[in-house]
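Residue numbers (the working numbering), protein chains in the order written: chain A, 1 to 332; chain B, 333 to 664. Cβ coordinates follow ideal geometry from the N, Cα and C atoms, glycine included. Take a look at the structure set out below.
Protein chains: 2
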Amino acid sequence: MATVALDLLGGDKAPEVVADAIARLRSGTVDPADPAIDLIVVGPAAVARALLTERGVDLSTLRIVDAGRGASMTGSPLSTLRDHEDVTVTVAVGLVNARIADAFVSVGHTGAAVAAAVLGLGRVGGMSRPALAVVVPSLAGPVVLVDAGAAPDATPDVLRQFALAGWAYSMSLGVPSPRVGLLTIGSEEGKGDRLRKSTHDLLLETLPVVGVDYVGPVEGHDIAVGSRADVIVTDGFTGNVLLKGLEGAVQWMAHQMGAAYGDADPARTVVRKTATGDFAGGMLLGVNGVTVIGHGAGTADEICACVRLADRAARLGLVTATQRALASVASP
Amino acid sequence: MATVALDLLGGDKAPEVVADAIARLRSGTVDPADPAIDLIVVGPAAVARALLTERGVDLSTLRIVDAGRGASMTGSPLSTLRDHEDVTVTVAVGLVNARIADAFVSVGHTGAAVAAAVLGLGRVGGMSRPALAVVVPSLAGPVVLVDAGAAPDATPDVLRQFALAGWAYSMSLGVPSPRVGLLTIGSEEGKGDRLRKSTHDLLLETLPVVGVDYVGPVEGHDIAVGSRADVIVTDGFTGNVLLKGLEGAVQWMAHQMGAAYGDADPARTVVRKTATGDFAGGMLLGVNGVTVIGHGAGTADEICACVRLADRAARLGLVTATQRALASVASP
Chain A
1 MATVALDLLG GDKAPEVVAD AIARLRSGTV DPADPAIDLI VVGPAAVARA LLTERGVDLS
61 TLRIVDAGRG ASMTGSPLST LRDHEDVTVT VAVGLVNARI ADAFVSVGHT GAAVAAAVLG
121 LGRVGGMSRP ALAVVVPSLA GPVVLVDAGA APDATPDVLR QFALAGWAYS MSLGVPSPRV
181 GLLTIGSEEG KGDRLRKSTH DLLLETLPVV GVDYVGPVEG HDIAVGSRAD VIVTDGFTGN
241 VLLKGLEGAV QWMAHQMGAA YGDADPARTV VRKTATGDFA GGMLLGVNGV TVIGHGAGTA
301 DEICACVRLA DRAARLGLVT ATQRALASVA SP
Chain B
333 MATVALDLLG GDKAPEVVAD AIARLRSGTV DPADPAIDLI VVGPAAVARA LLTERGVDLS
393 TLRIVDAGRG ASMTGSPLST LRDHEDVTVT VAVGLVNARI ADAFVSVGHT GAAVAAAVLG
453 LGRVGGMSRP ALAVVVPSLA GPVVLVDAGA APDATPDVLR QFALAGWAYS MSLGVPSPRV
513 GLLTIGSEEG KGDRLRKSTH DLLLETLPVV GVDYVGPVEG HDIAVGSRAD VIVTDGFTGN
573 VLLKGLEGAV QWMAHQMGAA YGDADPARTV VRKTATGDFA GGMLLGVNGV TVIGHGAGTA
633 DEICACVRLA DRAARLGLVT ATQRALASVA SP
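Written out as structure tokens, the structure reads:
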């Protein structure tokens, strides 16, 4: 198993909700494999010890690294990062950089976690900016959506970087030859906005040459149907809107279904299972270290899912795979 | 009731599926108000008469206007429009322009229907391009999403036009003072891509002055949750991706729910009800005539829903409302 550094102060209900997650991971009641994940809790040491002891956690089963300040605790998270060294996300990323940890997980402020990772770990060669990739459960199996919000404005070259990084991520999740699609409108070639038209031409020219199976344009429904592509590439604006749209649709459907069947419980179970699978966390692709960022409003179960995702990506060699994929295409 | 001109040759399974829809509308078995809608069927007259007679439709309960050619029947729909006068969408739009019909419905090629409407009816003053608006059922009630795909590339000024047209549409659907939100990522001001940042400033400066309740940034989940805005404004690329994403999510959820409850039927009923409500058709805003465009793959029930939507918008004075809203903001 890998060593995961977990931000105790990230999340709307931190540190309590993170301590709840740690208690579940140590107990192994949800997943018997959880206790084998090596955990480093990054936060105020006294607070960590008190909260974990309260929850019956044997403190000898994990490590605690002291860091007193959460990124979002005062004013702007980015200026907190700049002005202070004892910020949990900075300290946790430092552990990954020093190879004390294999991966970093935070459910705090996304911008702060991204900034800490980029500053502390550096970008993978060939990536001009990192991307957030989310594994969406679809009818045909998991689909990687990249970018889900890290880079709202993108160029064709940036989208190509995202395509390569998403392809490497999908492979490291066990898909042998991932099919990469470009999210657009209308599945015929030549449809879409200006950005998509230029990007399609670039991907078509350059991806097959390096062995990436580029399947061309895909549409919004392909993310939930899943049969056309294993990786769906888009800019962070569109990806974030789509992802949150899916989350809203799941809520709406659960409500309709509860009414239609006269029993809300099975619908709630589906929603909870969806939220606590791989879907719970965004994988930051293109930095030299495994970085998982969860929802600020994430529950303890969602935080557990983020830790499992980080552990798996670290064990499966995500960073090396990303580095290799990006190196395969020479920069223009 | 209004007079609706219906394209017999639009739709993947036309003309049969359109004839099925007409039979249902005339019978009134689905909605007793249907037979009061005055229908003009636009297509090859002999084909129309044969198909409708086969389905037991009393031909005295509607009018048939002869037009021999579907826009998608040969080669490029747009060149068919340019090269021929007997195309169903052109003839149907001509009936609206001549005030013989109050509204036009097609479930054929979207680009062809939009082009026919723009050419035949003209744009509303102040609209530089039309927008497709879809009524999405949300937890809090119907939400108008505009643009759902007519204009993939947009500017702040175009998004302001869409905001005004969407506001007028929402009012004509019965919302007394529609709240207008700008679709972006992160609900704080200053988040989003470059287009959204410029647009937010423009909307904030100009919409409240003309009495439009601009609520600022909203996110992807707000379309299905619906409590923050009655009208959600975006470019046609993002809107189309989001709309199709929602459709995919509904399919995915229906499948999960069928499995969770051990009975697929109620889930299928929810999906069918959703697809055959106002959601079935896009309203083309910004042309001088009511124009509803449905899915090419639309079923007979979805086509019926498009006709009902067109009838209602015509009766409620959508075009006048749009003209007034656009006239309220002087062009820059």
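Proximal residues of chain A, C-beta to C-beta of residue i below 7 angstroms
{"i": "PRO484 (chain B)", "result": "ILE185, GLY192, ASP193"}
Contacts around residue i, its chain only, beta-carbon distance under 6 angstroms, and the 5 residues preceding and following it disregarded
{"i": "ALA380 (chain B)", "result": "LEU340, VAL373, ILE396"}
{"i": "ALA614 (chain B)", "result": "Just to set this straight, residue 614 (chain B) is Gly in the shown sequence, not Ala. So the qualifying residues of the chain are LEU464, VAL466, ALA480, ILE625."}
{"i": "ASP235 (chain A)", "result": "ALA154"}
{"i": "ASP213 (chain A)", "result": "SER177, ARG179"}
{"i": "GLY28 (chain A)", "result": "ASP34, PRO35"}
Residue closest to residue i, alpha-carbon to alpha-carbon, out of the options
{"i": "VAL18 (chain A)", "options": "A:VAL57, A:VAL212, A:ALA151, A:SER76", "result": "A:VAL57"}
{"i": "VAL466 (chain B)", "options": "B:GLY518, B:VAL550, B:LEU505", "result": "B:LEU505"}
{"i": "LEU183 (chain A)", "options": "A:ALA168, A:GLU205, A:GLY226, A:PRO208", "result": "A:GLY226"}
{"i": "SER198 (chain A)", "options": "A:VAL210, A:GLY216, A:VAL212", "result": "A:GLY216"}
{"i": "ARG656 (chain B)", "options": "B:VAL639, B:ARG644, B:GLY618, B:ASP633", "result": "B:GLY618"}
{"i": "VAL124 (chain A)", "options": "A:THR299, A:THR291, A:ARG308", "result": "A:THR291"}
{"i": "LEU650 (chain B)", "options": "B:TRP499, B:VAL603, B:ARG511, B:MET459", "result": "B:TRP499"}
{"i": "PHE494 (chain B)", "options": "B:SER460, B:PRO409, B:VAL475, B:LYS523", "result": "B:SER460"}
{"i": "ALA612 (chain B)", "options": "B:ASP554, B:ALA337, B:GLY630, B:PRO508", "result": "B:GLY630"}
{"i": "VAL271 (chain A)", "options": "A:ALA313, A:GLY181, A:GLY11, A:PRO137", "result": "A:PRO137"}
{"i": "LEU427 (chain B)", "options": "B:VAL336, B:GLY360, B:LYS576, B:HIS416", "result": "B:VAL336"}
{"i": "LEU357 (chain B)", "options": "B:GLU579, B:ALA346, B:LEU658, B:ALA632", "result": "B:ALA632"}
{"i": "ARG357 (chain A)", "options": "A:ALA71, A:ALA2, A:SER27", "result": "There is no way to answer for residue 357 (chain A), as the model of chain A reaches only from 1 to 332."}
{"i": "GLY43 (chain A)", "options": "A:GLY28, A:ARG69, A:THR274, A:ILE37", "result": "A:ARG69"}
{"i": "GLY13 (chain A)", "options": "A:VAL241, A:SER106, A:PRO152", "result": "According to the sequence shown, residue 13 (chain A) is Lys rather than Gly. Nearest option by C-alpha distance: A:SER106."}
{"i": "VAL307 (chain A)", "options": "A:PRO15, A:ARG194, A:ASP34", "result": "A:ASP34"}
{"i": "GLY11 (chain A)", "options": "A:VAL89, A:ALA36, A:ASP193, A:GLY262", "result": "A:VAL89"}
{"i": "LEU78 (chain A)", "options": "A:THR276, A:LEU62, A:GLY108", "result": "A:GLY108"}
{"i": "THR606 (chain B)", "options": "A:LEU284, A:GLY181, A:THR274, A:MET253", "result": "A:MET253"}
{"i": "ALA71 (chain A)", "options": "A:ASP83, A:THR61, A:LEU284", "result": "A:ASP83"}
Residue i - DSSP class collapsed to helix/strand/coil
{"i": "ALA5 (chain A)", "result": "strand"}
{"i": "ARG528 (chain B)", "result": "helix"}
{"i": "LEU285 (chain A)", "result": "strand"}
{"i": "THR274 (chain A)", "result": "helix"}
{"i": "THR631 (chain B)", "result": "coil"}
{"i": "ALA435 (chain B)", "result": "strand"}
{"i": "GLY11 (chain A)", "result": "coil"}
{"i": "PRO332 (chain A)", "result": "For PRO332 (chain A), the predicted structure reports a pLDDT of 47, less than 50, and the residue's modelled location is therefore unreliable. A value from the coordinates is still provided. The answer is coil: DSSP assigns PRO332 (chain A) none of H, G, I, E or B."}
{"i": "GLY580 (chain B)", "result": "helix"}
{"i": "ALA151 (chain A)", "result": "coil"}
{"i": "GLY518 (chain B)", "result": "coil"}
{"i": "LEU39 (chain A)", "result": "strand"}
{"i": "ARG228 (chain A)", "result": "coil"}
{"i": "PRO549 (chain B)", "result": "strand"}
{"i": "GLY333 (chain A)", "result": "Limits of chain A in this structure are 1 at one end and 332 at the other, which puts residue 333 (chain A) out of reach."}
{"i": "VAL175 (chain A)", "result": "coil"}
{"i": "GLY181 (chain A)", "result": "strand"}
Residues near residue i in its chain [Cβ-Cβ closer than 7 angstroms; skip 5 each side]
{"i": "ALA377 (chain B)", "result": "ILE396, ASP398"}
{"i": "GLY258 (chain A)", "result": "ALA264, ALA267"}
{"i": "ALA429 (chain B)", "result": "First, the amino acid is wrong: residue 429 (chain B) is Asn here, not Ala. If we look at ASN429 (chain B) and ignore the five residues flanking it on each side, its Cβ neighbours are GLY452, LEU453, GLY621."}
{"i": "PRO332 (chain A)", "result": "In this prediction, PRO332 (chain A) has a pLDDT of 47, which is less than 50 and means its spatial position is unreliable; what the coordinates show is noted afterwards. Here the set comprises ASP157."}
{"i": "ASN572 (chain B)", "result": "ALA480, GLY481"}
{"i": "ASP311 (chain A)", "result": "MET1, ALA2, VAL4, ILE37, ALA103"}
{"i": "ALA646 (chain B)", "result": "ALA334, ASP434, ALA435, VAL622"}
Contacts of residue i in chain B (Cβ-Cβ under 8 angstroms)
{"i": "VAL146 (chain A)", "result": "Those within 8 angstroms of VAL146 (chain A) in chain B number zero; the least Cβ separation is about 14 angstroms."}
{"i": "THR238 (chain A)", "result": "PHE569, THR570, VAL573"}
Chain A contact residues for residue i, given Cβ-Cβ distances below 9 angstroms
{"i": "GLY580 (chain B)", "result": "SER138, LEU139, GLU219, GLY220, HIS221, ASP222, ILE223, ALA224, VAL225, GLY226, LEU246, ALA249"}
Cβ-based neighbour list, residue i, same chain, cut-off 8 angstroms, excluding 5 preceding and 5 following
{"i": "LEU391 (chain B)", "result": "ARG381, LEU384, THR385"}
{"i": "ARG160 (chain A)", "result": "THR199, LEU202, LEU203, THR206, LEU207, VAL329"}
{"i": "ARG55 (chain A)", "result": "ALA19, ASP20, ILE22, ALA23"}
{"i": "LEU243 (chain A)", "result": "VAL134, VAL136, LEU145, ALA148, GLY149"}
Where residue i meets chain B, residues with beta-carbon distance less than 7 angstroms
{"i": "GLY149 (chain A)", "result": "ILE517"}
Selection of the segment 581 to 611 of chain B by Cβ proximity to chain A, strictly under 7 angstroms = Answer in chain order: ALA581, VAL582, GLN583, TRP584, MET585, HIS587, GLN588, MET589, ALA592, TYR593, PRO598, ALA599, THR601, VAL602.
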